[in-house]
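Note that UniProt numbering has the sequence shown beginning at 1, numbered continuously upward.
Beta carbons: idealized from backbone N, C-alpha and C, even for Gly.
Input: a single structure, listed below in structure tokens.
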Amino acid sequence: MRIWTHALEAAPAQGPCVVTLGNFDGVHAAHHAVLELAASRARELGLTAAVVTFDPHPSVVVAPERKPKLLMTLPQRLEAFRIAGMDLAWVIPFSRAFSELSPAAFLEGLERALAPRELHVGRQFRFGKDRAGTLDALEAWGRQAGCEIHAHALRAPDGGHLSSTRIRAALEAGDVEEAAALLGHPYALTGIVVEGERRGRQMGFPTANLAWEQGQLPGNGVYVTEVAGPHLPSPLRGLTNVGEKPTFQGRAITVETHLPGFQGDLYGAPLAVRFLHRIRGEMRFAGVEELRAQIARDVASGLAWRAEGS
Numbered sequence: 001m002r003i004w005t006h007a008l009e010a011a012p013a014q015g016p017c018v019v020t021l022g023n024f025d026g027v028h029a030a031h032h033a034v035l036e037l038a039a040s041r042a043r044e045l046g047l048t049a050a051v052v053t054f055d056p057h058p059s060v061v062v063a064p065e066r067k068p069k070l071l072m073t074l075p076q077r078l079e080a081f082r083i084a085g086m087d088l089a090w091v092i093p094f095s096r097a098f099s100e101l102s103p104a105a106f107l108e109g110l111e112r113a114l115a116p117r118e119l120h121v122g123r124q125f126r127f128g129k130d131r132a133g134t135l136d137a138l139e140a141w142g143r144q145a146g147c148e149i150h151a152h153a154l155r156a157p158d159g160g161h162l163s164s165t166r167i168r169a170a171l172e173a174g175d176v177e178e179a180a181a182l183l184g185h186p187y188a189l190t191g192i193v194v195e196g197e198r199r200g201r202q203m204g205f206p207t208a209n210l211a212w213e214q215g216q217l218p219g220n221g222v223y224v225t226e227v228a229g230p231h232l233p234s235p236l237r238g239l240t241n242v243g244e245k246p247t248f249q250g251r252a253i254t255v256e257t258h259l260p261g262f263q264g265d266l267y268g269a270p271l272a273v274r275f276l277h278r279i280r281g282e283m284r285f286a287g288v289e290e291l292r293a294q295i296a297r298d299v300a301s302g303l304a305w306r307a308e309g310s
């Protein structure tokens, strides 16, 4: 998959393409279905499958006080696009100047670069200055440009509307299984292992302290996780605590993972921590021994847990 990071006016002429367009935070199950459909249509028509997205998220520029906690890093989004079958990912730099473009100017740049023959978007997609570009405007442009417009309802497995906002709400509630159902895969935090306070090691449960890259954390608590990285022989079952460590009067949130049976050194190593199941919420204990006993119970629960249907 080729990756463009050109500004709208600087992109080379690539077309003709089948294009899908959006922010794609999380690249959830409905996003993935639209991407796969666009890729399939491009193969049928002998055209390039192109996805157009933006970085940073538009809210960072136009409404920073309302910017969302992002579910994915840009590299994660790009990998999801590749898996869905995209030939080209165009990451348009979202700047203040870009946010001032009229809907017509945006479509003119899109047409010049990609010559879309089909354009696939979610039904709620808006574009251009002040989000003034509507689906009606897009369809009117499509008739003039010879581009079929396909607006898709983004549906969750329960039939409701599927959005990144709904996934964030599930994660904040600690419902990582609901989030996984909406995403189509377990929610993952990625980052580098950094030094912590080594309290887990002192209690007999060493942990990998993750400097995570994503904006959105699951709600405070203890989770069954699957942990992968180049320094591990294979994905391992882990127990991950997200929280402030109230037993030690902590204030800063940390993400710490214990890997039962693992003896290696992971400092400085990249890890992906995939959240499978919540064991319990965060608790304050009377002392270290009470906490140690609870961690032992958590480890036993985590090792015994099996996903429904597995």
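Taken atom to atom, the span from the alpha-carbon of ASN209 to that of ASN241 is near 10 Å.
Taking the Cα of GLY302 as reference, the smallest distance to any Cα among ARG284, GLU226, ARG292 and LEU88 is reached at GLU226. DSSP, reduced to helix, strand and coil, places PHE106 within a helical segment of the structure shown.
Counting along the chain, PHE98 sits inside no beta strand (DSSP E); it lies in the alpha helix (DSSP H) bounded by residues 96–99. Comparing alpha carbon positions, the residue from GLU111, GLN294, LEU239 and ALA84 closest to VAL27 is ALA84. With distances taken between CA atoms, ILE92 lies nearest to PHE106 out of GLU79, VAL18, PHE106 and SER102. For ILE253, the three-state secondary structure derived from DSSP is coil. Between the stretch 168–176 and the stretch 145–153, the count of Cβ pairs shorter than 8 Å is below three; the stretches do not touch. When C-alpha distances from ALA49 are compared across SER99, VAL18, PRO230 and ARG112, the shortest belongs to VAL18. The C-beta distance from HIS150 to GLU108 rounds to 21 Å, too long to fall under 8 Å, and the pair is not in contact. The C-alpha of LEU47 is placed about 29 Å away from the C-alpha of SER163. In this chain, ASP55 is not harboured by any alpha helix (DSSP H); it is covered by the beta strand (DSSP E) spanning 48–55.
Between the stretch 29–46 and the stretch 4–14 there are fewer than three inter-stretch CB-CB distances shorter than 8 Å, so the stretches are not counted as touching. Shown here, VAL288 sits in a helix according to DSSP, grouped into three states. In the structure shown, HIS6 falls within a coil segment according to DSSP collapsed to helix, strand and coil.
If you ignore the 5 residues before and after GLN14, its C-beta comes within less than 8 Å of the C-beta of THR48, ALA50, LEU88, ALA113, LEU114 and ALA115, all in its own chain and listed in chain order. Under the three-state reduction of DSSP, GLY302 is assigned to helix. Per DSSP, PRO93 is one residue of the beta strand (DSSP E) stretching across 88–93. By the criterion of at least three beta-carbon pairs nearer than 8 Å, the stretch 51–58 is in contact with the stretch 21–38. If you draw a straight line from the Cα of LEU232 to the Cα of LEU266, it comes to about 9 Å. When HIS185, GLY122 and ARG123 are compared, the shortest CA-CA separation from GLN76 is found for HIS185. Contact check for VAL224 and HIS258: beta-carbon distance about 11 Å, past the 8 Å limit, so the pair fails to qualify. No Cβ-Cβ contact shorter than 8 Å links LEU74 with GLN214. Between ARG284 and MET203, the C-beta spacing is not below 8 Å.
Under the three-state reduction of DSSP output, PHE81 falls in the helix class. Selection ARG131, GLN124 and LYS69 evaluated against PHE98 yields ARG131 as nearest (Cα-Cα).
Between the C-alpha atoms of SER234 and GLY261 there is a straight-line separation of about 13 Å.
Straight-line measurement puts the Cα of LEU135 at about 21 Å from the Cα of TRP90.
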